[in-house]
Amino acid sequence: MFTSTLIALSLIFPAFGAPYHHQPGNSCDVSQAKLVLPPGVNLPPPSEPPTYITVGVGTQNYTCSEAGNYTSVGAVASIFDISCLYGTPSFDSIQDTVLAAWEKSPHDISHELTLLGEHFFITNPITGTGISPKWDFTATTGNPEAFVVANGTARSPAPTGSQDVDWLSLNKILGKLADEVYRTDTRAGQPPASVRVLFHTTC
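Numbering (mature numbering (1 follows the signal peptide of the UniProt record, and there is no 0)), first residue to last: -17 to -1, 1 to 186.
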């Protein structure tokens, strides 16, 4: 398996009637925040204001085929709350700041930012086949329903270049954390163009 560091902003849009908004208490109100997409990024507009603005730090995971190509098998990331940075000078470059800090000392990230939850992939709970992304805030909120399993509705190449994974919009298929999730402002996460043989080992 090949792993590639991934940094991405996520905007999490509330599930109707969800009773646990803004937990844990360090989160700031971002109900007036607007998702502004650069030219050429074709994602549908969100239907509601966000509940959280987050940065995810982790790895995009790939396996390699016999043909020598990499295939995505999901991702694992920690999700940190950056809602309170919205509207500050730090916000526009936070993804680059976090990437630089991660590359220098990964363990220090958790001391600087508030952990909201974890992001990972599970077997699709509707079809029982394939994998679906999950955002899980149950541990930090104390609410067993504070998670969302989602399905992609649209994707657009990152405007920063092919070295960064696509931007996404996703809708809920299970859970009560959110109805919509947007992944934007990605940094890295792509595999090499092809598998290289190193010491007779491919992956």
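Glycine included, each C-beta is placed from N, C-alpha and C at the ideal position.
Please list, in chain order, all residues of the same chain as residue 42 whose beta carbon is under 7 Å from its beta carbon, the five residues on each side excluded. -15, -14, -13, -12, 58, 59
Could you name the residues of the same chain whose beta carbon sits closer than 6 Å to that of residue -5, not counting the 5 residues immediately before and after it, in chain order? 29, 31, 33, 161, 162, 163
Could you name each continuous beta strand (DSSP E) segment of 3 residues or more that falls completely within the stretch 12 to 40, going from the start of the chain to the end? none
Leaving aside the five residues before and after residue 77 along the sequence, list all residues of the same chain whose C-beta is less than 7 Å from its C-beta, in chain order. 38, 65, 68
Status (buried if at least 16 other CB within 10 Å, exposed otherwise) for residue 44: buried
Would you kindly check if the distance between the Cβ of residue 153 and the Cβ of residue 172 is under 7 Å? no
State the start and end residues of the unbroken alpha helix (DSSP H) segment that holds residue 79. 77 to 87
Helix, strand or coil, according to DSSP, for residue 4 in the structure here? Any reading at residue 4 must be qualified, since the residue scores a pLDDT of 43, below 50, and its modelled position is unreliable; no value is offered.
C-beta atoms of residue 24 and residue 142 nearer than 7 Å: yes
Going residue by residue through the stretch 41 to 121, where are the continuous beta strand (DSSP E) segments of at least 3 residues, counting only ones entirely within it? 53 to 64, 97 to 106, 114 to 119
Beta-carbon separation (whole angstroms), residue 89 vs residue 157, contact threshold 8 Å: So it is not a contact: roughly 30 Å between Cβ atoms.
Under a three-way DSSP split, which group does residue 124 fall into? helix
My output table needs one value for residue 153: the three-state DSSP class, helix, strand or coil. strand
Per DSSP, what kind of secondary structure is residue 129 in: helix, strand or coil? coil
Does the beta-carbon of residue 81 have 16 or more other beta-carbons within 10 angstroms, so that it is buried, or is it exposed? buried
Given this structure, state the Cα-to-Cα distance separating residue 8 from residue 14, to the nearest angstrom. Confidence at residue 8 is low in this model, with a pLDDT of 49, below 50, so the placement of that residue should be treated as unreliable; the coordinate-derived value is given next. C-alpha separation (whole angstroms): 16 Å.
For residue 172, three-class secondary structure by DSSP: Residue state, collapsed to three classes: strand.
What would DSSP say about residue 135, mapped onto helix, strand or coil? Residue 135 falls in the strand class under three-state DSSP.
Assuming residue 133 contacts residue 120 (C-beta within less than 8 Å), just tell me the rounded distance between them. Contact between residue 133 and residue 120 does not hold, since the beta-carbon distance rounds to 13 Å and is not under 8 Å.
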